[in-house]
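Have a look at the structure below before the remarks.
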Ligand code: URA
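Numbering (our numbering), first residue to last: 5 to 214.
Next comes the structure, spelled out in structure tokens:
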């Protein structure tokens with residue numbers, strides 16, 4: 005697994021407001037999107053491009069465009085949905101799939117309750133979006149599923165991660181092409197597997213407690 009933690013003052017600034025328990029929901033949502041765009045900028049450095057001719061008002065030259073098949077973006081419902089807009093702002097032509105996963109609060113094991121992905125995933129760079137990489141269970145489940153469906157390369161983009169979760173992902177995908185891009189690696193997990201200091205429940209702060 006390759007870990008990318010971009011060092012950027014804007015990421016640190018926005019993350020601090022996001023962590024604040026007094027940050028209101030609309031601001032929280034906006035910041036998740038903005039952080040996502042900054043993280044996506046780092047996470048998309050390896051997208052495949054091909055040369056194309058382009059004629060400017062002054063001369064002809066050669067540029068690049070994204071190669072087919074275009075990347076696939078897969079937010080993990082529900083909290084990953086809050087990151088989607090920030091990603092598609094940078095990659096408006098990307099195809100979007102969905103994985104619905106929920107964590108059992110007793111066993112802490114993730115279960116998948118919805119899947120909607122294109123048939124063919126080989127040759128596609130897949131991006132999994134989930135704001136909180138805590139124990140790693142949901143991200144591992146989601147990436148496993150993408151590999152099962154033929155994906156070869158997966159990049160997970162997260163806002164915060166715990167060292168334990170990153171270690172679990174590293175161990176599980178020792179021989180696979182997995183990259184994790186994360187805004188910050190926090191101290192650890194509490195006894196309910198929340199990231200500490202973290203930002204609380206990302207889904208609740210984005211969408212309310214339902
Ligand atoms: N999911 C969250 O929303 N927050 C955490 O701290 C851990 C998992």
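Every residue, glycine too, gets a C-beta built ideally from N, C-alpha and C.
The structure displayed is predicted, hence computed values, not measured ones.
Item to complete: With a cut-off of 5 angstroms, give the chain-ordered residues whose Cβ is closer than this to any heavy atom of the ligand URA.
Response: 136, 138, 198, 199, 202, 205, 206
Worksheet entry | Sequence-distant residues of the same chain with beta carbon closer than 6 angstroms to residue 154, five excluded per side | 125, 126
Worksheet entry | Coil, strand or helix - residue 175 by DSSP | Residue 175 falls in the helix class under three-state DSSP.
Worksheet item: What span of residues does the alpha helix (DSSP H) with residue 91 cover, start to end?
Response: Its alpha helix (DSSP H) spans residues 85–92.
Discussion item. Check this for me: beta carbons of residue 85 and residue 44, under 8 angstroms apart or not?
Written reply: Not a contact, by the Cβ cut-off of 8 angstroms.
Discussion item. So, with DSSP's three-state summary, where would you put residue 54?
Written reply: strand
Discussion item. Considering just the uninterrupted stretch of the alpha helix (DSSP H) at residue 104, what are its terminal residues?
Written reply: Segment 102–107 is the beta strand (DSSP E) holding residue 104; no alpha helix (DSSP H) there.
Practice prompt. Determine the closest residue to residue 136 out of 212, 184, 68, with distance taken between C-alpha atoms.
Written response: 184
Worksheet item: Are the beta-carbon atoms of residue 164 and residue 146 separated by less than 8 angstroms?
Response: no
Fill in: CB of residue 132 within 8 angstroms of CB of residue 160, strictly
yes
Worksheet item: Rounded to whole angstroms, how far is the Cβ of residue 5 from the Cβ of residue 151, which I believe are closer than 8 angstroms?
Response: That belief does not hold up - the Cβ atoms of residue 5 and residue 151 are roughly 13 angstroms apart, past 8 angstroms.
Worksheet item: Can the beta-carbon of residue 140 be found closer than 8 angstroms to that of residue 173?
Response: yes
Worksheet entry | residue 117, enclosing beta strand (DSSP E) - first and last residue | 114–120
Discussion item. Bridge partners for residue 181 per DSSP, in chain order?
Written reply: 157
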